[in-house]
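K.L.:
The structure's right below; bear with me while I get my questions together.
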Amino acid sequence: MTAVRVGLSSRRLCLIIAVLLAGCACAGSPLAVASPAAKGGGDASPARTASPIPTGAKGGSPPPIPGVPVARVACVRQGGVAMVLVGHAVYDVTDPVHPKLICTFANTVAHLFTGDTFEYLRETGDANYRGTEVVLRSIGSGNESVVAGWPLRLLEGPFGITGAWTPDGNTAASAVAGKDADGNQTIEIWLFTQPIKIFLYSFPQPLTDCICRFGIPPPTLAFSADGKYLVAGWPVGKGPTPLKVFQVDDQVPVGVLDPGDTTALWSRTGHVLYASGTSAPAVMWTPEAGVQPLLHATPLPYMAGLSPDGQDIAYTGYASTGDQSNLRVYDYNLPMAYTRMLDDQPRSEVTFVKDSWVWYFGEVPRTSCAGQTAADGPLYALDVTHGTRQPVVFAAGESPTDLKSGWSPAEFWPNI
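Number 417 marks the last residue of the sequence shown (my numbering); no jumps.
Here it is in structure tokens:
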């Protein structure tokens with residue numbers, strides 16, 4: 002299951018940083034460099050410790066922890082035939098031109114589980130000891146039950162608000178702030194399989210900043226669809242540490258990607274990993290064959306996401322090098338190994354929302370930065386099979402902009 006990254010969208014994050022810099026936030030090269038003092042961060046033999054189950058893991062609603070935002074989930078109607086999770090919101094996209102809001106989330110991470118249920122995380126314990134539990138919720142009835150509890154804090158860490166776990170709740174991964182032998186800040190990747198907590202590896206904590214349109218690539222922490230492999234890392238900054246793949250059952254590292262592969266996403270079934278960067282050619286990795294190029298694929302630079310059937314990768318990129326007002330949306334078909342531009346107009350942030358349908362934003366000029374554009378235009382729905390495009394029409398207050406629910410490649414109910 003692919004981890005859903007919940008938080009500010011890249012463009013909102015860059016806007017905030019730009020305001021703090023008190024300058025014109027025109028797109029440019031990312032200002033992301035590793036700490037000069039950072040050293041080491043290599044592999045280590047897995048450290049295994051028996052861990053207690055956190056308070057509240059047997060069920061019930063834990064009391065609020067002082068200073069910790071409480072996970073909030075709200076469902077406003079029952080689901081329909083086709084539903085999708087985008088950012089912090091679930092929509093019924095039976096009619097992708099007139100979607101209906103189903104649920105929203107805040108201060109948590111959510112994954113779709115079955116056709117009527119989803120799972121989300123909430124912290125448990127008290128101010129002295131804190132863990133995480135995974136809550137299963139029915140959209141139709143609103144009933145909830147706790148299916149697992151872990152002595153890991155998955156809602157806070159050096160990756161921000163993130164979390165990765167297998168659908169059965171038996172296995173989870175966490176990124177934790179640490180220090181190396183010289184006292185330099187690191188990021189530690191831990192695996193938890195009931196009831197053992199295992200240290201996988203660590204790497205230097207990068208110093209990150211951006212004045213670029215999409216910000217630095219987000220960190221990666223995700224289990225393959227079959228739950229057998231975990232990919233983790235954050236290859237940004239100067240001298241980046243590449244993404245690594247571990248086998249879950251014995252915690253053995255089985256794959257290392259190129260440092261330029263800053264984006265990675267798992268196939269919808271099995272354990273095929275697709276990876277790319279802003280300039281690195283797209284590749285695929287499997288434990289059976291290692292790294293292989295994706296035939297005829299260009300780089301998949303921004304916000305790459307899979308279609309519901311796993312046959313296509315939609316992504317945003319620049320139509321010409323050096324022209325940062327020339328954003329377009331693209332689709333790479335895996336079986337046929339070809340790329341097509343979906344709309345020959347300034348567009349961005351494309352994501353599949355159901356079979357053969359994508360949503361993407363129109364680009365409009367930025368008055369504060371000459372020659373730059375922003376995704377502040379209409380949200381369009383495109384039928385990629387027939388090439389028809391229409392503006393998406395939401396009920397009052399239900400659009401992602403109204404909800405401030407963020408934006409990310411969509412998630413669909415898994416084939417389980």
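Heads up, the beta-carbon is just placed ideally off N, CA and C, and yes, glycines get one too.
As the structure is a prediction and not an experimental result, all values here were calculated from the model.
Within 8 Å, do at least three Cβ pairs link the region 373-392 to the region 342-353?
P.N.:
A contact exists between the region 342-353 and the region 373-392.
K.L.:
Of the residues Ala107, Tyr121, Thr115, which one's Cα is nearest the Cα of Val82?
P.N.:
For the residues Ala107, Tyr121, Thr115, the minimum Cα distance to Val82 belongs to Thr115.
K.L.:
Leaving out the 5 sequence neighbours to the left and right, which residues in its chain are closer than 6 Å to Ala1 when beta-carbon positions are compared?
P.N.:
For residue 1 there is no data in the structure shown, the boundaries of the chain being 2 and 417.
K.L.:
Counting C-beta neighbours from all protein chains within 10 Å, is the total for Gly88 16 or more, i.e. buried, or is it exposed?
P.N.:
Label assigned to Gly88: buried.
K.L.:
According to DSSP, what are the bridge partners of Glu120?
P.N.:
In the DSSP output, where bridge partners are listed per residue, Glu120 has His112, Leu137.
K.L.:
Just confirm the distance between the C-beta atoms of Thr279 and Pro309, as a whole number of angstroms; I'd bet it's less than 8 Å.
P.N.:
Wrong, their Cβ atoms sit about 26 Å apart, outside the cutoff.
K.L.:
Let me know the beta strand (DSSP E) ranges lying completely inside the region 186-269, each 3 residues or longer, listed in chain order.
P.N.:
Segments of the beta strand (DSSP E) lying fully in the region 186-269: 186-194, 197-205, 221-224, 230-234, 245-248, 254-257, 264-267.
K.L.:
Per DSSP, Pro392 is paired with what?
P.N.:
Tyr381.
K.L.:
If Thr187 sits next to Gln206, beta carbons under 8 Å apart, how far is it from one beta carbon to the other, in whole angstroms?
P.N.:
Between Gln206 and Thr187 the Cβ distance is about 6 Å, and since that is below 8 Å, they are a contact.
K.L.:
Quick check: what's the CA-CA separation for Glu145 versus Val136?
P.N.:
C-alpha separation (whole angstroms): 7 Å.
K.L.:
Go ahead and label Ile190 buried or exposed: buried means 16 or more other beta carbons lie within 10 angstroms of its beta carbon, across all protein chains shown.
P.N.:
The residue in question, Ile190, is buried, as its Cβ has 16 or more Cβ neighbours within 10 Å.
K.L.:
Between Arg73, Phe224, His272, which has its C-alpha nearest Ala174's C-alpha?
P.N.:
Of the candidates Arg73, Phe224, His272, the one whose C-alpha sits nearest the C-alpha of Ala174 is Phe224.
K.L.:
For a minimum of 3 consecutive residues, which ranges assigned as the beta strand (DSSP E) are wholly contained in the region 340-373?
P.N.:
Runs found: 348-355, 358-363.
K.L.:
Can we say the region 282-298 touches the region 250-269, given the rule of at least three CB pairs closer than 8 Å?
P.N.:
Counting Cβ pairs under 8 Å, three or more are found: they touch.
K.L.:
Taking Cβ positions, are Tyr361 and Ser349 nearer each other than 8 Å?
P.N.:
Yes, these two residues count as a Cβ contact at 8 Å.
K.L.:
Comparing C-alpha positions only, which one of Thr109, Asn327, Asn334, Asp251 sits nearest to Glu364?
P.N.:
Closest option to Glu364, Cα to Cα, is Asn327.
K.L.:
Where does Pro152 fall in DSSP's three states?
P.N.:
In the structure shown, Pro152 sits in coil (DSSP, three-state: anything other than H, G, I, E or B).
K.L.:
Measuring only the C-alpha atoms, how far is Ala176 from Met337?
P.N.:
Roughly 37 Å between the two C-alpha positions.
K.L.:
For Val249 and Thr167, what's the separation of their Cα atoms in angstroms?
P.N.:
Each residue's Cα considered, the two are about 11 Å apart.
K.L.:
Is Thr105 helix, strand or coil when you go by DSSP?
P.N.:
The answer is strand: DSSP assigns Thr105 an E or B state.
K.L.:
With C-beta atoms as the reference, is His272 less than 8 Å away from Asp227?
P.N.:
Yes. Within cutoff.
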